[in-house]
Amino acid sequence: MLHGVFLVGIGRYGDQRRAAERGTLHLRGSAAHAALHDKVLREIAHSSGKDLVCTFGTRRDGAAYVVGRAEAPRWVELPAEIQVYALADMQHYGPPVHLRSFPRAISVDFSAGAGYQGAHFIDIAVEAGPERHSSVRYVITLERADGQRLASAALPIEGDGKAHWKGYFLLDSEERLRVSAHALHERLVDASVLSATVSAPKRAAGDDAGGR
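Under our numbering, the first residue of the sequence shown carries the number 71, and numbering increases by one thereafter.
Given below as structure tokens:
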């Protein structure tokens, strides 16, 4: 069982990829390869916490990797030997860039109280991944309950390791908002999106109604 951010290859040769996901990967190998798989999983665990990307899998075995929750595992059978490759010299190219630039977390900080006409000052912060190339930017999208979407500019990583989108937003009382973030990078062909759902503060009696 592995925890982290995964970019799962699909298809006969694994050359097509799903979007990156944060979660748990549950692997179960045949008894014939148990010793090797145990060794390989220890090698993968050795990279844990070092902000490195490694690739592993069994090619041409028809295995479809899935990412699930720890409390609701979906086991992946490994009928053949699993192989692992540490990409020590490839961290800033291709799929490793995709994973290294995947946001670690999103947080939304509403001001203590509503301001002019009930608008709230909001600081949406995206905690950046370990990729620190000078071209890395994050775009934040805010989707309102009625489907309206707002997007930030391409935001740089600031000194606290986060990209911030700050501004005043006029929101309905306890409105549900979906906040998403994806990375831009000169060597990134595509990017996965990290999303979170939050609720706007409850309006006090007498506050102006929210608007569009």
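Cβ atoms here follow ideal geometry from the backbone N, Cα and C, with glycine treated the same way.
Asked, Found
"Does the distance from the CB of F172 to the CB of S262 come in under 7 Å?", "yes"
"Which residues in the same chain as E228 place their Cβ atom closer than 7 Å to its Cβ, once the five residues preceding and following it in sequence are excluded?", "H234"
"How should K236 be labelled, buried or exposed, when 16 other C-beta atoms within 10 angstroms of its C-beta is the threshold for buried?", "exposed"
"According to DSSP, is Q86 helix, strand or coil?", "strand"
"Assuming D216 and D193 form a contact by the criterion Cβ under 8 Å, report the distance between their Cβ atoms to the nearest whole angstrom.", "D216 to D193, Cβ: 23 Å. No contact."
"Give the DSSP bridge partners of H255, in chain order.", "DSSP output for H255 lists no bridge partner at all."
"If contact is defined by three or more beta carbon pairs under 8 Å, each pair taking one atom from either stretch, is the region 239-250 in contact with the region 266-274?", "yes"
"Enumerate in chain order the residues of its own chain whose CB-to-CB distance from R174 is below 8 Å, with the five nearest sequence positions on each side excluded.", "E197, A198, G199"
"Can you give me the C-alpha to C-alpha distance between L264 and R112, rounded to a whole angstrom?", "28 Å"
"Run through DSSP, which three-state label would G237 get?", "strand"
"What's the gap between the Cα of L254 and the Cα of G93?", "22 Å"
"How far does the alpha helix (DSSP H) with G164 in it reach, from first residue to last?", "164-170"
"How should R246 be labelled, buried or exposed, when 16 other C-beta atoms within 10 angstroms of its C-beta is the threshold for buried?", "exposed"
"Between which residues of its own chain and L72 is the CB-CB distance below 6 Å, once the five residues before and five after are set aside?", "L95"
"Cutting at 8 Å between CB atoms, please list the residues of its own chain near L258, excluding the five before and the five after it.", "V167, H168, S171"
"For Y208 and A266, which I take to be in contact (beta-carbon distance under 8 Å), what is that distance rounded to the nearest angstrom?", "Incorrect: roughly 14 Å between the Cβ atoms, too far for contact."
"What residues in its chain sit with their C-beta under 6 Å from that of V75, if we drop five residues either side in the sequence?", "A90, R92, L169, F172"
"For a test of the three-state rule: what should DSSP assign to A120, helix, strand or coil?", "Correcting the residue identity first, residue 120 is Lys in this sequence and not Ala. K120: coil per DSSP, three-state reduction."
"What is the DSSP secondary structure of A195, reduced to helix, strand or coil?", "strand"
"How big is the Cα-Cα spacing for A195 and K120?", "23 Å"
"Need the endpoints of the beta strand (DSSP E) that S177 sits in, please.", "175-180"
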